[in-house]
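Visitor: Sharing a structure below in structure tokens format, with a few things to ask.
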Amino acid sequence: MKWIVRGDIDGFFGLALDNLIQMLLIGALCQFVLGFDQALVLGRIMPGVAVSLLVGNLYYAWQARRLAQGSGRSDVCALPYGINTVSLIGFVFLVMLPAKLAAEAAGAQDPSRVAWQAGLLACLGSGVIELAGALIAEKIRRATPRAALLSTLAGIAVTFIALGFLFRTFAHPIVGLATLAIILLTYFGRLRFKGSLPGGLVAVALGTLLAWITGLCPPDGPRPSGPDLFVPIPVFDALAEALSGGHLLTYVAVIVPMGIFNVIGSLQNIESAEAAGDAYPTAPSLAVNGLGTVAAACFGSCFPTTIYIGHPGWKAMGARAGYSILNAIFMTVVCLTGTLAWISYVVPIDAGMAIVLWIGIVIAAQAFEATPRSHAPAVVLGLLPGIAAWGVFLVKMALQVGGIGTPEKPFSADLIPAFQQKDIWIDGAFAIEQGFIFLSMILASVTVCVIEQKFRQAALWCLVAAGLSATGLMHAYQWTTADTVMDTSSFWQGVGGDKEAFARVPWRFAVAYVVMALCFYLAPCVTQKARKA
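Quick note, the working numbering runs 562 ahead of the 1-based positions in the sequence shown.
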């Protein structure tokens, strides 16, 4: 297999765009939510991001070439890799912002540094969990039906990827629909442009041109300054300060679930790659992902890495190992030179959103194509929690736009009756949102077991759901000013003797899943097979 093929150019545009979106998000949240200065963002965080992206992208490119050599194939696609969006947002709002506010209340001289240190420790903890998860993830994978793994990804792909970018496509239709036409021609229609121009390159170039013609570019604000050079430097002193500051115990309820989610999400993406024809060993793939996250923390980044959703899409584009290498080089240059501001100034996200939309479509389609036809109901049921979680996200954003979610008008249980009067059971939606990745896997797995009449296995899955619900990893939520967030602290405080906290544990869900387990366990004794019509 060649180091670089034509399809790698297309794949590079898609993967680089995904990573650039994360870079833009990191910059915006760090500066405007956490109040970090540019010296911290450009001089510490971005170099750490560069190191973490190099670790994974280069390894997964080597891994793809090794698989190609061992199998004698030339169509092997490397696992896509980048910053984990869920952890990025979770660590900012559930770890770093609370740490900063607490430091300000305590009169700390530099609250921003305290917030950064808390983020570093959260990132390090997540990486350690990912490394440990590599030892047992293969067993989890073998015990989980493919429909459960792929339907979870499909739910995220349909909503957070495809629908989110579809909205933006029709918000800026001249750019969005023109680039979508190019993607449909090249990726669905399997046509090539004369001169062998990659479809992704044509779409981005056309989108950029139309964005400038129609006034989407340049963006508001001053033009960026010139590039500079920022060298990655280990931040072991900051990590040591964070450990002595007690952040690990304070935010363990956030760090542990995020680490587990990262392991499961990466595991699902490895399963997605195998369904597309590229079978990678689970343990080393997950271990390197964990090492990337640990490297991020050690060099100043607060944001874990992950094996990305979307391998089937990049493989279908013709990407092999080279797109991962190109992404490593490109993102290193962007992170170490401060040129991200110039890229966002010249090339808008709209120019490449059709590529991301395509990836979402391919992932959703694979959930049905790569599973037995009889398991289609399980795939559909597995889609629903992801769709519900995205719906909750829209509801929360709408409430904030309407002026709810401020210290004067915070989110509270008073919202629930108002929604119920419109026949919207928003309390159920909030419960689904917490741990929806687990819920999607469990519902799909239970359905597959029932379809195959493996009722005792279905009962075991329900007991797993009961345990996750009791410990707060599913369905448990608490109110904040402008959000509902996972509540794992009530269970552990209750174990420690706090009766009021124990009462807040969502026992009704745990009991409900136990009842489901009993139904499936007793099914062979109280039912018989229906006669065929």
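No residue lacks a Cβ here, since even glycine has one placed at the ideal position from N, Cα and C.
Predicted model only: the values in this text are computed from it and were never measured.
Identify the continuous alpha helix (DSSP H) that holds GLN962 and give its terminal residues.
Guide: By one-based count along the sequence shown, residue 962 stands at place 400. Note, GLN962: alpha helix (DSSP H), 938 to 963.
Visitor: Taking the continuous beta strand (DSSP E) assigned at THR706, which residues delimit it?
Guide: Within the sequence shown, residue 706 is the residue found at index 144, counting from 1. No beta strand (DSSP E) holds THR706; DSSP gives it neither H nor E.
Visitor: Can you tell me which residues form a DSSP beta bridge with TRP774?
Guide: Walking along the sequence shown from the start, residue 774 turns up at place 212. According to DSSP, TRP774 bridges with nothing at all.
Visitor: Look at THR1085 and SER1031 and say whether their C-beta atoms are less than 8 Å apart.
Guide: Taking the first residue of the sequence shown as position 1, residue 1085 is located at position 523. Taking the first residue of the sequence shown as position 1, residue 1031 is located at position 469. In the sequence as presented, Thr is not what sits at residue 1085; that position holds Ala. Their beta carbons are not under 8 Å apart, which means ALA1085 does not touch SER1031 by this criterion.
Visitor: When burial is assigned at 16 or more other CB atoms within 10 Å of the CB, is SER936 buried or exposed?
Guide: Taking the first residue of the sequence shown as position 1, residue 936 is located at position 374. Its Cβ having fewer than 16 others within 10 Å, SER936 is exposed.
Visitor: Determine which residues share a DSSP beta bridge with VAL1047 and list them.
Guide: Taking the first residue of the sequence shown as position 1, residue 1047 is located at position 485. BP columns for VAL1047 point to GLN1040.
Visitor: According to the neighbour-count rule (16 or more other Cβ atoms, all chains shown, within 10 Å of its Cβ), is ALA916 buried or exposed?
Guide: Your numbering for residue 916 matches position 354 in the sequence shown. It counts as buried.
Visitor: Classify THR770: buried if its beta carbon has 16 or more other beta carbons within 10 angstroms, exposed otherwise.
Guide: Taking the sequence shown and counting its residues from 1, one reaches residue 770 at position 208. Burial call: buried.
Visitor: Name the DSSP bridge partner or partners of THR867?
Guide: Counting from 1 along the sequence shown, the entry for residue 867 is found at position 305. In DSSP, THR867 forms a bridge with ILE645.
Visitor: Keeping to the same chain, check which residues put their C-beta closer than 7 Å to that of GLN593; ignore five residues upstream and five downstream.
Guide: Here residue 593 corresponds to residue number 31 of the sequence shown, with the count starting at 1. Around GLN593: VAL603.
Visitor: Since GLN982 is in the alpha helix (DSSP H), which residue starts that stretch and which ends it?
Guide: Position 420 of the sequence shown, counting from 1, holds the residue named residue 982. That run of the alpha helix (DSSP H) goes 977 to 982.
Visitor: Quick check on DSSP: helix, strand or coil for GLU970?
Guide: Locating residue 970 in the sequence shown gives position 408, where the first residue counts as 1. Three-state result, GLU970: coil.
Visitor: Just to check my reading of the structure: ALA913 and ALA837 have Cβ atoms closer than 8 Å, yes? What is that Cβ distance to the nearest angstrom?
Guide: The residue labelled residue 913 in the question sits at position 351 within the sequence shown. The residue labelled residue 837 in the question sits at position 275 within the sequence shown. Between ALA837 and ALA913 the Cβ distance is about 30 Å, and since that is not below 8 Å, they are no contact.
Visitor: By Cβ distance below 7 Å, which residues in the same chain neighbour ALA670 in space, the five residues on each side in sequence not counted?
Guide: Here the question's residue 670 lines up with position 108 in the sequence shown. Counting only Cβ-Cβ distances below 7 Å, and skipping sequence neighbours, we find VAL676.
Visitor: Around the Cβ of THR1089, are there at least 16 other Cβ atoms within 10 angstroms (buried) or fewer (exposed)?
Guide: As a first step, residue 1089 is located in the sequence shown; it is residue number 527 there, counting from the start. So THR1089 ends up on the exposed side.
Visitor: Can you tell me where the alpha helix (DSSP H) holding GLY854 begins and where it ends?
Guide: Indexing the sequence shown from 1 puts residue 854 at position 292. 844 to 860 is the extent of the alpha helix (DSSP H) around GLY854.
Visitor: Look at the Cβ atom of TRP1079, then the Cβ atom of LEU1025, and state whether they are nearer than 8 Å.
Guide: The residue you call residue 1079 lines up with position 517 of the sequence shown. The residue you call residue 1025 lines up with position 463 of the sequence shown. It should be noted that the sequence gives Ala, not Trp, for residue 1079. Yes, Cβ-Cβ distance for ALA1079 and LEU1025 is below 8 Å.
Visitor: Starting from the Cα of VAL720, find the closest Cα among ILE1013, TRP876, LYS1016, GLN928 and give me that residue.
Guide: Here residue 720 corresponds to residue number 158 of the sequence shown, with the count starting at 1. It is GLN928.
Visitor: Check for me: the alpha helix (DSSP H) holding LYS1016 runs from which residue to which?
Guide: Mapped onto the sequence shown, residue 1016 falls at position 454. Where LYS1016 is concerned, there is no enclosing alpha helix (DSSP H), given that its DSSP letter is neither H nor E.
Visitor: Quick one: is TRP952 buried, meaning 16 or more other Cβ sit within 10 Å of its Cβ, or exposed?
Guide: The residue you call residue 952 lines up with position 390 of the sequence shown. Buried, since its Cβ has 16 or more Cβ neighbours within 10 Å.
Visitor: Please classify PRO784: does DSSP put it in a helix, a strand, or coil?
Guide: What you label residue 784 is simply residue 222 of the sequence shown in a count that begins at 1. Coil at PRO784, not helix or strand.
Visitor: Let me make sure I understand the geometry here. Which of LEU579, ALA950, ILE911 has the alpha-carbon closest to that of PHE892?
Guide: Taking the first residue of the sequence shown as 1, we reach residue 892 at position 330. Selected option, being the one with the closest Cα: LEU579.
Visitor: I need the boundaries of the alpha helix (DSSP H) containing ARG1070, first residue and last residue.
Guide: Here residue 1070 refers to the residue found at position 508 when the sequence shown is read from its first residue. Its alpha helix (DSSP H) spans residues 1069 to 1088.
Visitor: Which one of ALA804, ILE923, SER847 has the shortest CA to CA distance from GLY875?
Guide: Taking the first residue of the sequence shown as position 1, residue 875 is located at position 313. The shortest Cα separation from GLY875 among ALA804, ILE923, SER847 belongs to ILE923.
Visitor: Tell me the residue span of the alpha helix (DSSP H) that contains ALA626.
Guide: Counting from 1 along the sequence shown, the entry for residue 626 is found at position 64. ALA626 -> alpha helix (DSSP H) spans 608 to 633.
Visitor: Considering LEU919, what are the terminal residues of the alpha helix (DSSP H) in which it resides?
Guide: Taking the first residue of the sequence shown as 1, we reach residue 919 at position 357. That run of the alpha helix (DSSP H) goes 915 to 931.
Visitor: Can you check whether the CB of PRO609 is closer than 8 Å to the CB of GLY862?
Guide: Counting from one through the sequence shown, the residue named residue 862 turns up at place 300. Counting from one through the sequence shown, the residue named residue 609 turns up at place 47. It is a contact, given that the beta carbons lie within the stated cut-off.
Visitor: Span of the alpha helix (DSSP H) holding GLY681?
Guide: Start at 1 with the first residue of the sequence shown, and residue 681 comes out as number 119. Run containing GLY681: 673 to 695, per the alpha helix (DSSP H) assignment.
Visitor: Under a three-way DSSP split, which group does GLN830 fall into?
Guide: What you label residue 830 is simply residue 268 of the sequence shown in a count that begins at 1. If DSSP states are grouped into helix, strand and coil, GLN830 belongs with the helices.
Visitor: Among GLY884, CYS1011, ILE978, PHE973, which one has its Cα closest to the Cα of TYR621?
Guide: One-based indexing of the sequence shown puts residue 621 at position 59. Of GLY884, CYS1011, ILE978, PHE973, the residue nearest in Cα terms is GLY884.
Visitor: Thinking GLY681 and CYS864 are a contact (beta carbons under 8 Å), I'd like their distance in whole angstroms, please.
Guide: Position 119 of the sequence shown, counted from the first residue, corresponds to residue 681. Position 302 of the sequence shown, counted from the first residue, corresponds to residue 864. 3 Å between Cβ atoms; contact.
Visitor: Which residue from LYS564, LEU596, ASP572, VAL611 puts its Cα closest to that of THR894?
Guide: Sequence index remark: in the sequence shown, residue 894 carries index 332 (1-based). Selected option, being the one with the closest Cα: VAL611.
Visitor: Would you kindly work out how many angstroms separate the C-alpha atoms of LEU853 and PRO794, rounded to a whole number?
Guide: Stepping through the sequence shown from its first residue, residue 853 is reached at position 291. Stepping through the sequence shown from its first residue, residue 794 is reached at position 232. When rounded, the distance between both Cα atoms is 16 Å.
Visitor: The alpha helix (DSSP H) that contains ARG1066, what's its start and end?
Guide: Counted from its first residue, the sequence shown places residue 1066 at position 504. 1061 to 1066 is the extent of the alpha helix (DSSP H) around ARG1066.
Visitor: For my contact list, ASN619 and ASN824 are in at a C-beta cut-off of 8 Å; report their separation, rounded to the angstrom.
Guide: Locating residue 619 in the sequence shown gives position 57, where the first residue counts as 1. Locating residue 824 in the sequence shown gives position 262, where the first residue counts as 1. ASN619 to ASN824, Cβ: 17 Å. No contact.
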